Amino acid sequence: AIEILKKYGYNDATLMDLYAATGNFGDAYVLAVKIYNDSRDLNFLAKATIYEYEMNKDSLDEKKITDILDKFEASVPKLNNDMFFNYYGYLLIDHEIDPRKGVEMVQKALEISPDSPYYEDSLAWGYFKLGECKKAKGIMMHAMKDVDFRTSKEAKEHLHLIERCIINLNKRLKK
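Sequence positions in the sequence shown follow our numbering and run 37 to 211.
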C-alpha cells in the first residue's frame, strides 16, 4: 500500500498515516509538515509534533522538548481531539514538565472518550507524579478492567509504581 501511494502520489494523508502505523515517524513527520504547510490545518501540526517527539524521544534535549511543547500548545488547545489532549498531557506528566496541566489535558481527553483505559492510565500517572497515589490507584484499577490494557507492559509498570508509592506512604505515616 505504501509503495502504491508513493508511486502515484494519490493521498499524502493516508501515506502519512501508514508511515506512522509502521513506525516510520521520519517520513510521517515530513508528510505531516508538508500537509500542514499547504493547508494550515492544525491537526497536521499536532500530528507532526507527535511524530517529531517519537523520532527524538530517546535523545531529547531542552531545546527540542521546548520546541515540541510550543507546537503542541499552538495546536492542541484549539482542536477538540482526545488523542491530542492525551498525548500532550502525558508528555507534560511523564517528563515532569507540568503534571497539573497534564492532568487537565488528560481530563479533556476523558471528557471526549470516557471509557479509554489508556487515558485513565495517563490520568492515574499524572496523579502519581503529583503524589496523589491513592487517587491514582483507584483510577488505575478501573483502567485494569480492560483485558488488552491490563496485559500491556506500561500498565503493569505504572500499577507497580503506584502500589509502591502507597506502601511507602503508609510506612511514612506509621513513623
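Glycine included, each C-beta is placed from N, C-alpha and C at the ideal position.
The model shown is predicted, which means the values in this text are computed figures rather than measured ones.
Linking A64 to A56 through their CA atoms gives a straight-line distance of about 6 Å. In terms of CA proximity to I133, D106 leads the group P153, L205, D106, D94. Residues F80, L81, A84 of the same chain have their beta carbon placed closer than 7 Å to that of Y72, with the five preceding and five following residues left out of the count. The region 149-156 makes no contact with the region 100-117, as fewer than three CB pairs between them are under 8 Å. Judged by DSSP in its simplified three-state form, G138 adopts helix. Here L128 is buried, its C-beta having at least 16 other C-beta atoms within 10 Å. Taking C-alpha positions only, D184 is separated from D157 by approximately 13 Å. Closest option to Y87, judged by alpha-carbon separation, among Y123, K99, D74, D97: Y123. Residue environment analysis places N47 among the exposed positions, since fewer than 16 neighbouring C-beta atoms fall within 10 angstroms of its C-beta. Across the structure, D182 and L78 are spaced so that their CA atoms are roughly 32 Å apart. In the same chain as D118, and ignoring 5 residues on each side of it, the C-beta atoms closer than 6 Å to its own belong to A145, I148, S149, in chain order. Judged by their CB atoms, G125 and V142 are nearer to each other than the 8 Å cut-off.
With distances taken between CA atoms, N92 lies nearest to G59 out of N116, G59, F120, F121. When the five nearest sequence neighbours on each side are left out, no beta carbon in the same chain lies closer than 6 Å to the beta carbon of N116. If the five residues before and after F108 are omitted, its C-beta is found closer than 6 Å to the C-beta atoms of T85, Y124, all from its own chain and listed in chain order.
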